[in-house]
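If you want our numbering, it's the 1-based position in the sequence shown plus 1303. We put the CB at the ideal spot given by N, CA and C, even for glycine. Note sheet for the following structure.
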Amino acid sequence: MILIKNGRVMDPYTKKNEILDIIVEDDKIKALGKFSEDGNYDEIIEAGGMIAAPGLIDVHVHFRTPGFSHKEDFETGAAAASRGGFTTVVAMANTKPVIDSEETYKEVQNQIEKLPINVVQAVAITKGLKGKEIVDMKALKEEGVLGFTDDGLPLMDEKILFEAMKLAKELNVPLSFHEEDPAFVSSPGVNQGKISEKLGVGGASSLAEEVMVARDCMIALKTGAKVNIQHISSGVTVDIIRMAKSQGADVWAELTPHHFSLNEEAVLKYGTNAKMNPPLRTEKDRMKLIEGLKDNTIEIIATDHAPHTDEEKNVDFNKAPSGITGLETSLALGITNLVKQGHLTMMELIEKMTLNPAKLYNMPYGTLKEGARADIVLFNEDELWKVEDFSSKSKNSPFIGHELYGKVKYTICKGKVVYRD
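Below, the structure is given as structure tokens:
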């Protein structure tokens, strides 16, 4: 058993926000209250000055396995996650081979079951991510699949999209969409505008995202499907999603820490480490994204953790792959740029990183209530630390050298300490 003493328990599910002790027995939270230290405990953690929150949940990570394990593998990805306070992550399917069948799903499941954290493998919506033929969603749901996504590529065929949404509604599973119409992307990774002009590249227009989101919100409204709009970047997108929600669409939205922390100017400072799809946009967009967080149009913060090697990133901007690592800086960026700036309360931040992601994927996590699985993060919200090294295989981050508030001290998953600072 583990006794966690004097932590400030913040649970968005029960709304608890008070200094309590937590008893962890086996893989469950046995009790919350005030308890004496005796010889019954294998470990006593003094959590005075720390917040005890549900283990963080990230619904959008790339662990690059199978096929690209030189960038990341399940073990290093899990290490990065636990260091960042995450106990559950959802891995994307754009691997090699693509996770698009019962066979490939089972092969991955055999690997992730051994990991110290909970890795949920999403499956592609279409076979081979080609957008032409829907996978056997019913059979895959029966195998335990919790959600489907063609992340990395947009679904361009409206008939396929409509049929996938109808199936998803029937099976009660979420679909997550990468929204970038190639017709409005001259060159990826940088916003079309003054920065792309300075770099001498065409850039990616926000229209690429906005037209796709508008289309998919309307089809979601018609079908009743639960739809997640991934890594939104445009202020207009926030308006579209807000309107769709007001009409009754079951549309969710996720926002990355880099999109609420940085704007398009970062590309000039950090180069390829600020290149991502969709790109960082204007300061006006960034502030509208934060407004979307504040009024809960955007319910989820997700990293889109996308590791690449130094060799891949240290090339000409046009040749570099898009994406940055994010798991190890996510919580601290939320505390530094949202909570400390007065945009969100700590409870609101925790809700967007725990309970809401769990709800999207219909997972029984994201709470510290008695009897829940013992997934817990302990962190000091006021501890200042410098981003210098990573547990991930890759370190493609624009935040290297930044000083951030909010240090993860312990991560506990299924009742076991999987990270300690």
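{"Item": "Buried or exposed (CB count within 10 angstroms, at least 16 for buried), M1353", "Value": "buried"}
{"Item": "G1492: first and last residue of the uninterrupted alpha helix (DSSP H) it sits in", "Value": "No alpha helix (DSSP H) holds G1492; DSSP gives it neither H nor E."}
{"Item": "Cβ neighbours of P1660 in the same chain (closer than 6 Å, five flanking residues each side left out)", "Value": "I1360, V1362, I1603"}
{"Item": "Where the alpha helix (DSSP H) through E1378 begins and ends", "Value": "1377-1386"}
{"Item": "M1515: first and last residue of the uninterrupted alpha helix (DSSP H) it sits in", "Value": "1510-1526"}
{"Item": "Contact set for A1356: own chain, Cβ-Cβ below 6 Å, skip 5 residues either direction", "Value": "M1313, I1653, V1680"}
{"Item": "When A1384, A1609, D1724, G1434 are compared against N1683, the one with the closest alpha-carbon", "Value": "D1724"}
{"Item": "Burial state of E1446, where buried means 16 or more other Cβ atoms lie within 10 Å", "Value": "exposed"}
{"Item": "Pick from V1364, D1329, S1499 that is closest to V1422, judged by C-alpha positions", "Value": "V1364"}
{"Item": "First and last residue of the uninterrupted beta strand (DSSP E) at Y1708", "Value": "1706-1716"}
{"Item": "Neighbour-count burial assignment, V1642, 16 or more Cβ in a 10 Å radius", "Value": "buried"}
{"Item": "Inter-residue Cα distance where the pair is T1585 and I1325", "Value": "44 Å"}
{"Item": "Close Cβ partners of S1508 (< 6 Å) along its chain, the five nearest in sequence each way excluded", "Value": "F1487, Q1495"}
{"Item": "Pick from V1539, K1616, M1590 that is closest to G1574, judged by C-alpha positions", "Value": "K1616"}
{"Item": "Buried or exposed by the 16-neighbour rule on C-beta atoms within 10 Å, applied to K1692", "Value": "Per the sequence presented here, residue 1692 reads as Asp, with Lys not at that position. Its Cβ having fewer than 16 others within 10 Å, D1692 is exposed."}
{"Item": "Within 8 Å, strictly: CB atoms of E1436 and K1430", "Value": "yes"}
{"Item": "Limits of the beta strand (DSSP E) - the one that A1623 falls within", "Value": "Element bounds for A1623: n/a, residue is neither H nor E."}
{"Item": "Counted within 10 angstroms of its Cβ, other Cβ atoms place E1614 as buried (16 or more) or exposed", "Value": "exposed"}
{"Item": "8 Å Cβ cutoff, V1401 in contact with chain D", "Value": "This model lacks chain D altogether; it includes just one protein chain."}
{"Item": "Cβ-based burial, L1636 [other Cβ within 10 Å; buried from 16]", "Value": "buried"}
{"Item": "Stretch-stretch touch, CB-based, cutoff 8 Å, three pairs: the stretch 1364-1382 with the stretch 1390-1398", "Value": "yes"}
{"Item": "Euclidean distance between Cα positions of G1387 and I1420", "Value": "12 Å"}
{"Item": "Rounded straight-line distance, which links the Cα of E1410 to that of Y1713", "Value": "31 Å"}
{"Item": "Beta-bridge pairing of M1313 - partner residues as DSSP gives them", "Value": "N1320"}
{"Item": "Close beta carbons around V1570, own chain, < 6 Å, minus the five adjacent residues each side", "Value": "V1493, I1498, A1577"}
{"Item": "Beta-ladder partner(s) of F1682, from DSSP", "Value": "I1354, V1711"}
{"Item": "Local Cβ density within 10 Å of K1689, reported as buried at 16 or more and exposed below that", "Value": "exposed"}
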